[in-house]
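Asks: Note that the protein sequences, when read in sequence, are chains B and Y.
Mapped onto the numbering used here, the consecutive letters of the first sequence carry residue numbers 1416 to 1670.
Mapped onto the numbering used here, the consecutive letters of the second sequence carry residue numbers 47 to 306.
Note that CB positions come from ideal geometry on N, CA and C, so glycine has one too.
Since we're looking at a predicted model, the values are computed, not measured.
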Amino acid sequence: MTALIRAADLSVSHAGADLPVLSHVDFRIAPAEIVTVVGPNGSGKSTLIRALLGHLALDSGRVERAPGLRIGYVPQRVNIERAMPMTVRRFLSLPRRVGDAEAAAVLDRTGVPGLQSRQITQLSGGQFQRVLLARALLNDPQLLVLDEPTQGLDQPGIVAFYKLIEEVRARTGAAVLMVSHDLLVVMRASDRVVCLNGHVCCEGTPQAVSAAPAYRALFGAEAQGTLALYQHHHDHDHDHVAEGHHHGPACAHEH
Amino acid sequence: MLDDFLTRAVLAGLGLVLATGALGSFVVWRRMAYFGDSTAHAAILGVALSFAFSLPVYLGTLGVALAMALAVAHLTGRGQSMDTVLGVLAHSALALGLVAVSFVPALRTGLDAFLFGDILAVGKADLAWIWGGAAAVIALLAWRWQRLVTASVNEELAMAAGIDPARERLILSLALALVVAIAIRIVGALLVSAMLIVPAAAARGFSATPEQMAGSATAIGAVAVLGGLWASLWLDTPAGPSIVAISALIYAFTLVLCRK
Chain B
1416 MTALIRAADL
1426 SVSHAGADLP
1436 VLSHVDFRIA
1446 PAEIVTVVGP
1456 NGSGKSTLIR
1466 ALLGHLALDS
1476 GRVERAPGLR
1486 IGYVPQRVNI
1496 ERAMPMTVRR
1506 FLSLPRRVGD
1516 AEAAAVLDRT
1526 GVPGLQSRQI
1536 TQLSGGQFQR
1546 VLLARALLND
1556 PQLLVLDEPT
1566 QGLDQPGIVA
1576 FYKLIEEVRA
1586 RTGAAVLMVS
1596 HDLLVVMRAS
1606 DRVVCLNGHV
1616 CCEGTPQAVS
1626 AAPAYRALFG
1636 AEAQGTLALY
1646 QHHHDHDHDH
1656 VAEGHHHGPA
1666 CAHEH
Chain Y
47 MLDDFLTRAV
57 LAGLGLVLAT
67 GALGSFVVWR
77 RMAYFGDSTA
87 HAAILGVALS
97 FAFSLPVYLG
107 TLGVALAMAL
117 AVAHLTGRGQ
127 SMDTVLGVLA
137 HSALALGLVA
147 VSFVPALRTG
157 LDAFLFGDIL
167 AVGKADLAWI
177 WGGAAAVIAL
187 LAWRWQRLVT
197 ASVNEELAMA
207 AGIDPARERL
217 ILSLALALVV
227 AIAIRIVGAL
237 LVSAMLIVPA
247 AAARGFSATP
257 EQMAGSATAI
267 GAVAVLGGLW
277 ASLWLDTPAG
287 PSIVAISALI
297 YAFTLVLCRK
């Protein structure tokens, strides 16, 4: 199938910085695929997202988006100014006004029904992320882009959120592109993982990446944990995620 | 009807608050209070230039306020330390304006009217400027409303929806310059930002949506104008500062009333 977004040889630098934030990054995402970008702080994850969305000037390379591609976007660290009164209902109508029925349905779908009249600033972190996701789903996106969507959530909240993402993908067939710090959970929820540190260190199925030396060099002990936990949870609840989730013998002997 | 100075004053004040209610809400949401100050203070320079070149005061003020607003918007976009830059600009603009005024003999004694406003001296031509300017501001904000609100909530979300946050900033700068120009005869350069901020801040307590806040800020501004003018007549106090003082009282009242 044709890619929703295809990028080749992306390089981006910030004004005044010596080193480019991204150098020679290739990227593609296919319909209905869940791709997660992981990497240490400052590795250019958010920059990659913004470059793919066309929010940034590129030093080199090009980004091709499928014609008419509908993207639902949840940016990193959305801060709603306390000085701004904003109900959940009103927020869903920004910038495109939606009907009450549509608003109710999408809140239902993301597991936060009935929040319409609540103030955004009074929501818990988990509720707010689900409202952001609901808003992103409103234009029936072919691609969901989520930049650290689980920031500020506790562990059960994180797990529940990724489960929701998988449900959305299963229901709508939307592709999902995520940036995440939650190595443990991400590894289970993704079809493909891209490990980024200014350039693409390694990419592939979660197993392949968690076994890759470059990934372990980058994340150290946490990488070991990923592998262990990935295998531990694998048989319980993620068998329905199709390709890329079978164990190779090399994985099984890791611990 | 327009022959009565008090009628003209009421109409001038109400024209102004029509524009300041909605725009002031944006100033509060986007933390542009200092931005408003620097634009308003620059207006004194505009007054001096208008007198020096025999231009209508509104044109000179609008031009200089617009230049200032654009300069500040440009600096905001460059990610300078805003607090410092605006602190520098707001007060330098005022100082520069006061220096410029000293070269215009006609202004030396009449400067108070432009620093603190002289709403009771508003004439019919002033009313035309004020209502024309207010109508332009309202039309501008109504036209861009959804985009402006989205960009004020979050610029990344706005960009993803195809909105250019820099363009919306420019729209607000333009509206701000217009408000400064029409407010200079009413509350004066020093109190323009008070008319923007205080009613909006008072409206925040009991508003659930941006639209409610803009509407309530307009209503509170209107009450402040009527109350201020009444107080000014009754107590023989300066009209512009009285209007602002009434808004401040309403703000204090809502703080107590809407305490959460």
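1. When you compare each of V103(Y), E257(Y) and W191(Y) to A159(Y) by their alpha carbons, which one comes out closest?
2. From R1631(B) to A113(Y), what distance separates their C-alpha atoms?
3. Out of G1540(B), L1552(B) and E1581(B), which one is the CA nearest neighbour of G1572(B)?
4. With a cut-off of 8 Å, do at least 3 Cβ pairs link the stretch 235–255 of chain Y to the stretch 1496–1507 of chain B?
5. Does any residue of chain Y have a CB that is nearer than 8 Å to the CB of R1505(B)?
6. Which ranges does the alpha helix (DSSP H) cover as unbroken runs of at least 4 residues, wholly within the stretch 97–182 of chain Y, from first to last along the chain?
7. Which runs of the alpha helix (DSSP H) at least 4 residues long sit entirely within the stretch 1483–1568 of chain B? Give them in chain order.
8. Under 8 Å, Cβ to Cβ, is there at least one residue of chain B near R215(Y)?
9. To the nearest angstrom, how far is it from the Cα of A1665(B) to the Cα of V1440(B)?
10. Based on DSSP bridge pairs, tell me the residues matched to T1451(B).
11. Residues of chain Y with a CB under 8 Å from the CB of P1482(B): which are they?
12. From the DSSP output, read off the bridge partner residues of V1478(B).
13. If you draw a straight line from the C-alpha of A1519(B) to the C-alpha of G106(Y), how long is it?
14. List, in chain order, every chain B residue whose beta-carbon is nearer than 9 Å to that of S198(Y).
15. For A221(Y), tell me which candidate among I243(Y), W276(Y) and L108(Y) has the shortest Cα-Cα distance.
16. DSSP beta-bridge partners for V1615(B)?
17. Alpha carbon to alpha carbon, how far is R193(Y) from A1472(B)? Give it in angstroms, no decimals.
18. Below 8 Å on C-beta distance, what does H1429(B) contact in chain Y?
19. Residues of the stretch 237–256 of chain Y with a CB closer than 7 Å to any CB of chain B: list them in chain order, please.
20. What's the gap between the Cα of A1423(B) and the Cα of G1476(B)?
21. Which stretch, first to last residue, makes up the alpha helix (DSSP H) that contains R231(Y)?
22. 8 Å is my cut-off, CB to CB: does V195(Y) come that close to chain B?
23. Measure the alpha-carbon distance for V1594(B) versus R1505(B) and round it to whole angstroms.
24. To test your reading of the DSSP string, which unbroken alpha helix (DSSP H) runs of 4 or more residues are found completely within the stretch 181–223 of chain Y?
25. Identify whether H1649(B) lies in helix, strand or coil by the three-state DSSP scheme.
26. Could you check whether A89(Y) and V110(Y) sit closer than 8 Å to each other, using their CB atoms as the reference points?
27. In three-state DSSP terms, what is L295(Y)?
28. For a quick check, are the C-beta atoms of L275(Y) and A55(Y) less than 8 Å apart?
29. Measure the alpha-carbon distance for R1545(B) versus P1621(B) and round it to whole angstroms.
30. Within the 8 Å Cβ cut-off, does A291(Y) reach chain B?
Replies: So, from the listed chains and residues:
1. Taking the second sequence and counting its residues from 1, one reaches residue 159(Y) at position 113. Comparing Cα-Cα distances from A159(Y) to each of V103(Y), E257(Y) and W191(Y), the minimum goes to V103(Y).
2. Within the first sequence, the letter at position 216 stands for residue 1631(B). Within the second sequence, the letter at position 67 stands for residue 113(Y). Straight-line Cα distance between these residues: approximately 55 Å.
3. As a working note, residue 1572(B) is residue 157 in the first sequence. Measuring from the Cα of G1572(B), the nearest candidate turns out to be G1540(B).
4. yes
5. On the first sequence, residue 1505(B) is found 90 positions in, with the first residue counted as 1. For R1505(B), the answer is yes, since a Cβ of chain Y falls inside 8 Å of its Cβ.
6. 103–123, 128–148, 151–154 and 158–161
7. Segments of the alpha helix (DSSP H) lying fully in the stretch 1483–1568 of chain B: 1503–1507, 1515–1524 and 1540–1552.
8. The residue you call residue 215(Y) lines up with position 169 of the second sequence. With 8 Å as the cut-off, R215(Y) does not count as an interface residue toward chain B.
9. Sequence index remark: in the first sequence, residue 1665(B) carries index 250 (1-based). Sequence index remark: in the first sequence, residue 1440(B) carries index 25 (1-based). Legend: pLDDT at A1665(B) = 35, less than 50; position of this residue unreliable, value from coordinates given subsequently. If I take the Cα positions, the gap works out to 28 Å.
10. Within the first sequence, numbered from 1, the residue matching residue 1451(B) stands at position 36. DSSP output for T1451(B) lists M1593(B) and V1608(B) as bridge partner(s).
11. Counted from its first residue, the first sequence places residue 1482(B) at position 67. By Cβ distance, chain Y contributes nothing, its closest Cβ being about 15 Å from P1482(B), past 8 Å.
12. Here residue 1478(B) corresponds to residue number 63 of the first sequence, with the count starting at 1. In the DSSP output, where bridge partners are listed per residue, V1478(B) has A1422(B).
13. On the first sequence, position 104 is the one that residue 1519(B) refers to. On the second sequence, position 60 is the one that residue 106(Y) refers to. Each residue's Cα considered, the two are about 51 Å apart.
14. Stepping through the second sequence from its first residue, residue 198(Y) is reached at position 152. E1496 and M1499, listed in chain order.
15. Taking the first residue of the second sequence as 1, we reach residue 221(Y) at position 175. Of the listed residues, the one whose Cα sits closest to A221(Y) is L108(Y).
16. In the first sequence, residue 1615(B) corresponds to position 200, counting from 1. L1611(B).
17. Start at 1 with the first residue of the first sequence, and residue 1472(B) comes out as number 57. Start at 1 with the first residue of the second sequence, and residue 193(Y) comes out as number 147. Cα-Cα distance, rounded: 22 Å.
18. Your numbering for residue 1429(B) matches position 14 in the first sequence. Ordered by position in chain Y, no residue passes the 8 Å Cβ test against H1429(B), which lies about 10 Å from the chain.
19. R250, S253, A254, T255 and P256
20. Against the first sequence, residue 1423(B) aligns to sequence position 8. Against the first sequence, residue 1476(B) aligns to sequence position 61. Between A1423(B) and G1476(B), the C-alpha separation is close to 6 Å.
21. Start at 1 with the first residue of the second sequence, and residue 231(Y) comes out as number 185. Segment: none, R231(Y) is in no alpha helix (DSSP H) and carries neither H nor E.
22. The residue you call residue 195(Y) lines up with position 149 of the second sequence. Interface residue, yes.
23. Here the question's residue 1594(B) lines up with position 179 in the first sequence. Here the question's residue 1505(B) lines up with position 90 in the first sequence. In a straight line, the C-alpha of V1594(B) is about 27 Å away from that of R1505(B).
24. 201–206
25. Locating residue 1649(B) in the first sequence gives position 234, where the first residue counts as 1. Confidence at H1649(B) is low in this model, with a pLDDT of 43, below 50, so the placement of that residue is unreliable and no value is reported for it.
26. The residue given as residue 110(Y) occupies position 64 in the second sequence. The residue given as residue 89(Y) occupies position 43 in the second sequence. Going by C-beta atoms, V110(Y) is nearer than 8 Å to A89(Y).
27. Counted from its first residue, the second sequence places residue 295(Y) at position 249. Helix, per DSSP.
28. Along the second sequence, one-based indexing puts residue 275(Y) at 229. Along the second sequence, one-based indexing puts residue 55(Y) at 9. Yes, they are a contact pair.
29. The count along the first sequence starts at 1 and reaches residue 1545(B) at position 130. The count along the first sequence starts at 1 and reaches residue 1621(B) at position 206. R1545(B) and P1621(B): Cα-Cα distance of roughly 25 Å.
30. Looking up residue 291(Y) in the second sequence gives position 245. By this cut-off, A291(Y) is not an interface position.
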